[in-house]
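> Residue numbers (this note's numbering), protein chains in the order written: chain L, 333 to 561; chain Z, 23 to 206. Glycine included, each C-beta is placed from N, C-alpha and C at the ideal position. Supplied in structure tokens, the structure appears directly below.
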Amino acid sequence: MPRRVRKKDSSDEENGSDEEVAQVAGKMEDANLDSRYPLKVLYCGACSCPPEYCAWMGPKSGEVTPECKAWLLANAPELAAKYGYSTEQEGVAAAASGGDAKEAEPKVKELPGGKKVKEPAKEVWLSSKQRQKRKFVCTVRGLELFGIKLPDACKIFKKKFSTGAAVTETADNKEEIEIQGDVKDDLVSVIVKEFKIDIKDIFFVDGAGPKLTKIPAAEESGTMAVGGK
Amino acid sequence: MFKKFSNEEVKDKSKIKSSQQRAIRQAIQDQYPSLDPYFENVMPKKSEIQLAKCEGKINLVMIDGEPVFYNVRDGPYYPTLRVHHQYPFMMPTMRVDKGAIKFVLSGANIMCPGLTHKNVVEELANKPVDNNTPVAILAEGKEHALAIGHTQMSSQDIIQVNKGIGVNVVHHLNDGLWKTPKLD
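Dropping the structure here:
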């Protein structure tokens, strides 16, 4: 008996689902029909979460990023209106952000792109990546900024850690050294000793793009770096 | 729990025996009786369940490569937020105040004061929840859940004690599991 009832339910649902869903998409709150499930939840194309949480996804909590606003305005104008993102505002925001972007982007681009700007900020970036379970590779970036030949540095690393190391090309056409094994912590002391680079210029880097985090090596493993090999 | 989670955390992904599939289906069905009428939609009988075993004894129940439910060891099954968004009535909900959203979204557990904030305490009082139950966390004024957790205290205790962790958050918006809608 119960099975039959269930079947009936689901068939009902199937019949009504298309229209219902269409309706539901419009007004999710007040429909109380069973067939509104599964709810079609709208996810922001910019930050992947329900639009009501967009404000907490950006770098600043409480502020909706222009991308989220633009996406919502384009894809769900009703909701956008509900959250008070008016087109005008958006226009202003877009203009502002566009202006910002245009002004800011070349600046930013100058930084990573043009070596001239970056060279004053001489930094060595270390990061380690897990490949398979307990296998790691460490990458060292920025050594060339200190006038060090990467193949030579590579050889030194090979000897010091007795593991494989290679100069590899990154996606942005730069070169970095890849070392097998998780040697991040020892790396600091080796770099300091072998290349006479100030520990202040060495950073542990995690993630990529906007989520990149930089931890000065001096803070992270001060004792290790001093007391290391 | 899924703060850092990605394809790499999956140790083993396999199709499982039909008897085990049945057991998992049954377990989830028993745990979420209100989902009964829609169960066919959530976990169609014809589709095959895959189980992904992950770091930390987490089992992900997947349908067509999409994580749907998960549990730890033999613990209760929790739905992923995407599933919960589709069927928000499936489990009890709790509401936190606006100020807490930021912390919850970075993976914090729900502290009692967030649940007893004057804007949301009414809901807590009206919808009693037992200790040790899977719950969905909603935020003040929002309609979709932002986290899934299980209670560390009953709602009565939360009101009375009003201190410490009220709900242990296992899965929240924008965590590793949220960012992996499909496992491959």
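Is D197/Z helix, strand or coil when you go by DSSP?
Reading the second sequence from its first residue, position 175 is the one you call residue 197/Z. DSSP places D197/Z in coil when its eight states are reduced to three.
> Applying the 10 Å Cβ sphere with the 16-neighbour rule, what's the burial state of P305/L?
Within the shown structure, residues of chain L are numbered from 333 to 561, placing residue 305/L beyond reach of any answer.
> With burial defined as no fewer than 16 other Cβ atoms inside 10 Å of the residue's Cβ, what is the status of P383/L: buried or exposed?
Working through the first sequence from its first residue, we reach residue 383/L at position 51. Buried, by the Cβ-count rule.
> Strictly under 9 Å for the Cβ-Cβ distance: is L195/Z near chain L by that measure?
Translated into the one-based positions of the second sequence, residue 195/Z becomes position 173. Yes, contact with chain L.
> Could you tell me which chain L residues have their CB closer than 8 Å to the CB of P110/Z, listed as they occur along the chain?
Within the second sequence, numbered from 1, the residue matching residue 110/Z stands at position 88. Under the 8 Å cutoff, chain L gives L371.
> Can you pull out the residues from the segment 376-389 of chain L whose beta carbon lies closer than 8 Å to at least one beta carbon of chain Z?
Answer in chain order: C379, S380, C381, P382, E384, Y385, W388, M389.
> Entirely within the segment 77-158 of chain Z and at least 4 residues each: give me those alpha helix (DSSP H) ranges in chain order.
As far as the segment 77-158 of chain Z is concerned, its whole alpha helix (DSSP H) runs of at least 4 residues are 103-108, 120-126, 134-137, 143-148.
> Is M112/Z buried or exposed, if buried means 16 or more other CB atoms sit within 10 Å of its CB?
Here the question's residue 112/Z lines up with position 90 in the second sequence. The residue in question, M112/Z, is buried, as its Cβ has 16 or more Cβ neighbours within 10 Å.
> With contact counted as at least three CB pairs below 8 Å, one residue from each stretch, are the segment 68-78 of chain Z and the segment 123-133 of chain Z in contact?
Taking 8 Å as the limit for Cβ pairs, the verdict is that the segment 123-133 of chain Z does not touch the segment 68-78 of chain Z.
> Mark P89/Z as exposed unless 16 or more other C-beta atoms lie within 10 angstroms of its C-beta, in which case mark it buried.
Here the question's residue 89/Z lines up with position 67 in the second sequence. P89/Z should be labelled buried.
> Short of 7 Å Cβ to Cβ, which residues in the segment 116-145 of chain Z face chain L?
Hits within the stretch, in order: I123, K124, L127.
> Within the continuous beta strand (DSSP E) that includes A503/L, where are the two ends?
Sequence index remark: in the first sequence, residue 503/L carries index 171 (1-based). Premise fails: A503/L is in no beta strand (DSSP E) and is neither H nor E.
> For Q512/L, would you say it is in contact with chain Z, using Cβ-to-Cβ distances shorter than 9 Å as the test?
Your numbering for residue 512/L matches position 180 in the first sequence. Not an interface residue.
> Helix, strand or coil for K35/Z, going by three-state DSSP, please let me know.
Against the second sequence, residue 35/Z aligns to sequence position 13. In this structure, K35/Z counts as strand in the three-state DSSP scheme.
> Check this for me: beta carbons of V373/L and Q108/Z, under 9 Å apart or not?
For the purposes of this step, residue 373/L is taken as the residue at position 41 of the first sequence. For the purposes of this step, residue 108/Z is taken as the residue at position 86 of the second sequence. Yes, the Cβ-Cβ distance between V373/L and Q108/Z is below 9 Å.
> I'd like to check one pair, Y60/Z with V83/Z: are the Cβ atoms closer than 9 Å?
Stepping through the second sequence from its first residue, residue 83/Z is reached at position 61. Stepping through the second sequence from its first residue, residue 60/Z is reached at position 38. Not a contact, by the Cβ cut-off of 9 Å.
> To the nearest angstrom, how far is the alpha carbon of F24/Z from that of E501/L?
Locating residue 24/Z in the second sequence gives position 2, where the first residue counts as 1. Locating residue 501/L in the first sequence gives position 169, where the first residue counts as 1. Cα-Cα distance, rounded: 32 Å.
> Would you mind sorting G78/Z into buried or exposed? The rule is 16 or more other CB atoms within 10 Å of its CB.
Within the second sequence, the letter at position 56 stands for residue 78/Z. Label assigned to G78/Z: exposed.
> Identify the contact partners of N81/Z in chain L, using a Cβ-Cβ distance below 8 Å as the criterion.
The residue labelled residue 81/Z in the question sits at position 59 within the second sequence. Ordered by position in chain L, no residue passes the 8 Å Cβ test against N81/Z, which lies about 18 Å from the chain.
> For the ligand SAH, I want to know if L411/L counts as a neighbour, meaning its beta carbon is within less than 8 Å of at least one of the ligand's heavy atoms.
Looking at this structure, you won't find the ligand SAH or any other ligand, since it has none at all.
> Can you check whether the C-beta of E88/Z is within less than 9 Å of a C-beta belonging to chain L?
Translated into the one-based positions of the second sequence, residue 88/Z becomes position 66. No, E88/Z does not count as interfacial toward chain L.
> Using a Cβ cut-off of 7 Å, which residues of the segment 60-75 of chain Z contact any Cβ in chain L, in chain order?
Within the segment 60-75 of chain Z, the qualifying residues are Y60, E62, N63.
> Can you confirm whether Q44/Z, when its beta carbon is compared against all beta carbons of chain L, has any partner nearer than 9 Å?
For this step, residue 44/Z is matched to residue 22 along the second sequence. In the sequence under discussion, the amino acid at residue 44/Z is Arg, which differs from the Gln named in the question. Chain L, which has no Cβ nearer than 9 Å to the Cβ of R44/Z, makes this no.
> At a CB-CB cut-off below 7 Å, which residues of chain L make contact with E30/Z?
On the second sequence, residue 30/Z is found 8 positions in, with the first residue counted as 1. Neighbours of E30/Z on chain L, chain order: Q462.
> Report the rounded CA-to-CA distance for I507/L versus R473/L, giving the unit in angstroms.
In the first sequence, the residue the question calls residue 507/L occupies position 175. In the first sequence, the residue the question calls residue 473/L occupies position 141. The sequence given here has Glu at residue 507/L, not Ile. In a straight line, the C-alpha of E507/L is about 7 Å away from that of R473/L.
> Which of the three DSSP states, helix, strand or coil, is assigned to S41/Z?
Counting from one through the second sequence, the residue named residue 41/Z turns up at place 19. Looking at S41/Z - three-state DSSP - the assignment turns out to be helix.
> In whole angstroms, what separates the C-alpha of P548/L from that of V537/L?
In the first sequence, counting from the first residue as 1, residue 548/L sits at position 216. In the first sequence, counting from the first residue as 1, residue 537/L sits at position 205. Going by the C-alpha atoms only, they are around 9 Å apart.
> To the nearest angstrom, how far is the alpha carbon of T413/L from that of L405/L?
Taking the first residue of the first sequence as position 1, residue 413/L is located at position 81. Taking the first residue of the first sequence as position 1, residue 405/L is located at position 73. Correcting the residue type first, residue 413/L is Ala in the shown sequence and not Thr. Each residue's Cα considered, the two are about 8 Å apart.
> For Q72/Z, does the count of other Cβ atoms within 10 angstroms reach 16, so buried, or fall short, so exposed?
Within the second sequence, residue 72/Z is the residue found at index 50, counting from 1. It is buried - the Cβ of Q72/Z has at least 16 other Cβ atoms within 10 Å.
> Could you tell me whether any Cβ in chain L is nearer than 9 Å to the Cβ of K35/Z?
The residue you call residue 35/Z lines up with position 13 of the second sequence. Taking Cβ atoms only, chain L never reaches closer than 9 Å to K35/Z, which makes this a no.
> Would you mind stating whether F535/L and K546/L have Cβ atoms separated by less than 9 Å?
Translated into positions along the first sequence, residue 535/L becomes position 203. Translated into positions along the first sequence, residue 546/L becomes position 214. A contact, by the Cβ cut-off of 9 Å.
> Using DSSP with H/G/I as helix, E/B as strand and the rest coil, what is A74/Z?
Working through the second sequence from its first residue, we reach residue 74/Z at position 52. A74/Z falls in the strand class under three-state DSSP.
> List the endpoints of the continuous alpha helix (DSSP H) containing I488/L.
Walking along the first sequence from the start, residue 488/L turns up at place 156. Its alpha helix (DSSP H) spans residues 482-493.
> V373/L by DSSP, collapsed to three states: which one?
By 1-based counting over the first sequence, the position of residue 373/L is 41. DSSP places V373/L in coil when its eight states are reduced to three.
> Could you tell me whether the segment 172-180 of chain Z touches the segment 126-144 of chain Z, using the rule of 3 or more Cβ pairs below 8 Å?
Judged by Cβ distances under 8 Å, the segment 172-180 of chain Z makes contact with the segment 126-144 of chain Z, as three or more pairs qualify.
> For D538/L, which three-state DSSP category applies?
The residue given as residue 538/L occupies position 206 in the first sequence. Correct three-state label for D538/L: strand.
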